[in-house]
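The block underneath contains the structure these notes are about, expressed in structure tokens.
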Amino acid sequence: MEERMNNSHDKLGKVTPSKPTWQVWWRLLRPHTLTASFVPVFLGTMVALQNHTLHFGLFMAMMIASILIQSATNMFNEYYDFKRGLDHAESVGIGGAIVRDGVSARTVLNLAFIFFGIAILLGIYICLLTTWWIAVIGTICMAAGYFYTGGPYPIAYTPFGEIAAGIFMGLILVLLSFYIQAEVITADSVLLSIPISILVGGILMANNIRDLVGDKEKGRQTVAILLGHDKAVTSLELMFIVSYLWIVGLIVTIDASLWLLLVLLSIPKAYKAIKLFEGKTKAVEMVDAMKATAQMHTQFGSLMAIGLLVAYLV
6 MEERMNNSHD KLGKVTPSKP TWQVWWRLLR PHTLTASFVP VFLGTMVALQ NHTLHFGLFM
66 AMMIASILIQ SATNMFNEYY DFKRGLDHAE SVGIGGAIVR DGVSARTVLN LAFIFFGIAI
126 LLGIYICLLT TWWIAVIGTI CMAAGYFYTG GPYPIAYTPF GEIAAGIFMG LILVLLSFYI
186 QAEVITADSV LLSIPISILV GGILMANNIR DLVGDKEKGR QTVAILLGHD KAVTSLELMF
246 IVSYLWIVGL IVTIDASLWL LLVLLSIPKA YKAIKLFEGK TKAVEMVDAM KATAQMHTQF
306 GSLMAIGLLV AYLV
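Using the numbering used here, the first residue of the sequence shown is number 6, and each one after it goes up by one.
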């Protein structure tokens with residue numbers, strides 16, 4: 006039955022002729038993941054605010070472009086995982102527009118490129134007010150989003166997914182957001198981007214822990230597969246610990262604001278995420294753990310940014 010349904014996908018690009026509702030399009034964006042683009046932009050802007058004035062237009066353009074690029078990346082993921090036979094109607098953690106809701110695979114792919122196009126227009130606006138080097142970096146970021154699951158050698162199928170996410174959705178996104186406001190990159194801005202980079206990688210680690218069994222069957226070689234479930238969960242826990250210790254280290258070594266200690270309020274969410282992973286073996290059992298990891302990243306990054314905002318105001 007499943008094989009016949011997949012064959013229908015391959016030939017027709019859809020499962021049913023039913024008209025998608027707005028909820029289908031909303032799920033396609035995977036909205037629970039979009040804070041991974043919101044938080045770094047917010048953080049980078051708040052770092053810049055410490056010594057520079059805020060250009061609200063640049064902030065909003067950067068925010069919207071980043072969300073569009075991540076949304077497009079999620080759609081590429083949906084499209085290529087379907088094409089490679091990884092996704093099916095019972096898959097956990099996907100939007101499911103193609104395999105459950107009857108949306109044409111080609112429609113999903115075209116929508117992703119439309120989102121990229123709008124992001125490019127916003128990027129041109131940013132470049133006009135800053136530097137055209139932003140266009141080069143933005144193009145590289147979009148290429149990374151596409152090749153995460155697209156192309157002959159998808160990043161997501163290798164042990165480098167967490168590193169790629171940390172670099173592009175953490176370090177680069179924070180520094181771009183900082184640069185368009187400050188027109189300079191400082192050592193402090195780099196140091197402040199590190200913990201959020203680690204935690205973005207943590208979201209991917211959590212995702213790969215949840216999908217470990219299915220990914221292994223499909224021939225993926227993620228870090229979670231190489232380490233095994235228990236060691237992968239321990240690695241995620243260490244990523245959390247290093248992020249908290251990094252903030253304490255910044256306060257001690259570069260006299261960062263004590264308001265950054267607000268991030269400690271996210272510890273209960275980090276603890277919950279690890280506990281929810283322990284002893285679980287099925288993907289569906291780890292959905293809440295994955296969500297808790299994403300929420301921990303959101304809380305940590307938002308509290309960090311709020312701490313910087315409070316430091317600026319007082």
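Each residue gets a CB set at the ideal place from its N, CA and C atoms; glycine is no exception.
Backbone CA spacing between residue i and residue j [nearest angstrom]
i: ASP86; j: MET295; result: 19 Å
i: ILE279; j: MET301; result: 11 Å
i: PRO200; j: TRP251; result: 7 Å
i: ILE139; j: MET174; result: 15 Å
i: ASP220; j: GLY156; result: 18 Å
i: TRP30; j: ALA102; result: 7 Å
i: ASP106; j: GLU167; result: 30 Å
i: ILE311; j: PHE305; result: 10 Å
i: LEU39; j: CYS146; result: 16 Å
i: ARG215; j: THR298; result: 11 Å
i: GLN186; j: ASN56; result: 10 Å
i: LEU281; j: TYR130; result: 43 Å
i: LYS19; j: ARG89; result: Unreliable positioning characterises LYS19 in this predicted model, as indicated by a pLDDT of 43, which lies under 50. The coordinate reading is nonetheless provided below. C-alpha separation (whole angstroms): 15 Å.
i: ALA110; j: ARG35; result: 16 Å
i: VAL113; j: ALA261; result: 44 Å
i: TRP264; j: SER42; result: 23 Å
i: LEU181; j: GLY150; result: 16 Å
i: MET210; j: THR26; result: 32 Å
i: LEU178; j: PHE81; result: 20 Å
i: ALA316; j: ILE230; result: 42 Å
i: PHE120; j: PHE47; result: 21 Å
Simplified DSSP assignment, three categories, for residue i
i: ARG89; result: coil
i: ASN212; result: helix
i: TYR158; result: coil
i: GLY150; result: helix
i: LYS274; result: helix
i: GLU167; result: helix
i: SER262; result: coil
i: GLU283; result: coil
i: TRP27; result: helix
i: VAL44; result: helix
i: LEU232; result: helix
i: VAL189; result: coil
i: ARG32; result: helix
i: GLY128; result: helix
i: LYS223; result: coil
i: TRP138; result: helix
i: LEU39; result: coil
i: VAL247; result: helix
i: VAL205; result: helix
i: VAL253; result: helix
i: VAL2; result: Nothing can be reported for residue 2: it is not among the residues displayed for the chain, which extend from 6 to 319.
i: VAL238; result: helix
i: VAL268; result: helix
i: HIS14; result: Any answer about HIS14 is weak, because its pLDDT of 44 lies below 50 and its placement is not dependable; what the coordinates show is given next. DSSP places HIS14 in helix when its eight states are reduced to three.
i: VAL195; result: helix
i: VAL319; result: coil
i: TYR184; result: helix
Cβ-heavy atom distance, residue i to the ligand SAM, below 7 Å
i: LYS221; result: Absence of the ligand SAM is noted for the structure shown, with no ligands found whatsoever.
Next item on the list: Give a yes or no on contact between the stretch 56-67 and the stretch 131-142, applying the rule of three or more CB pairs nearer than 8 Å.
Entry: yes
Checklist line | Complete alpha helix (DSSP H) runs within the stretch 54-119 (minimum length 4 residues, chain order) | finding: 61-88
Item checked: Inter-stretch contact (C-beta, 8 Å, three-pair minimum) for the stretch 39-55 and the stretch 117-127 -> no
Check: Below 8 Å, can you find three or more Cβ-Cβ pairs linking the stretch 254-274 to the stretch 222-241?
Finding: no
Check: Can at least three beta-carbon pairs, one atom from the stretch 189-197 and one from the stretch 75-85, be found at a separation below 8 Å?
Finding: no
Notebook entry, point to check: Contact between the stretch 199-218 and the stretch 161-178: three or more CB pairs below 8 Å?
Noted result: yes
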